[in-house]
Amino acid sequence: MTVCGEHCCAQWAAALSPQNIQSVHSVVFSASHFFWGFWALIQAKYSTIEFDFLGYAVLRFNQYFQMKPQVIGLQAPE
1 MTVCGEHCCA
11 QWAAALSPQN
21 IQSVHSVVFS
31 ASHFFWGFWA
41 LIQAKYSTIE
51 FDFLGYAVLR
61 FNQYFQMKPQ
71 VIGLQAPE
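Read in order, the letters of the sequence shown correspond to residues 1 to 78 in full-length UniProt numbering.
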């Protein structure tokens with residue numbers, strides 16, 4: 001491994017604190033709720049499948065808005 005590679009790996013490992021991992025986890029889950037909520041709205045309009053897409057969208061957006069304050073309050077790693 002090159003010197004730069006070793007240095008970069010050391011920086012990456014140092015950034016993987018439990019708090020940083022939890023922050024990334026929260027952001028990814030929040031984005032997932034928003035994405036699936038938006039997808040369900042599109043499906044509610046265009047899908048021919050018998051499913052309560054609108055109800056599913058409401059569930060996912062509720063989860064997104066429940067997590068949003070937590071995600072907004074996160075501090076970026078230094």
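The beta carbon of each residue, even a glycine, is placed where N, CA and C say it ideally should be.
Computed from a predicted structure; not experimentally measured.
Check the Cα spacing between Asn62 and each of Ile72, Ser47, Phe34 and Val27: the tightest is with Phe34.
The beta carbon of Gly73 sits closer than 7 Å to no other beta carbon from its chain once the five residues preceding and following it are set aside.
Counting C-beta pairs closer than 8 Å gives fewer than three between the segment 19-30 and the segment 41-51, which falls short of the contact rule. Beta-carbon to beta-carbon, Ser26 and Gln70 are separated by about 6 Å, close enough to satisfy the 8 Å threshold. Our two residues, Ser32 and Phe38, have alpha carbons roughly 10 Å apart in a direct line.
A residue is called buried once 16 or more other Cβ atoms fall within 10 Å of its Cβ, and Ser30 is buried on that count.
Spanning the alpha carbons of Gly55 and Trp36 requires a straight line of approximately 12 Å.
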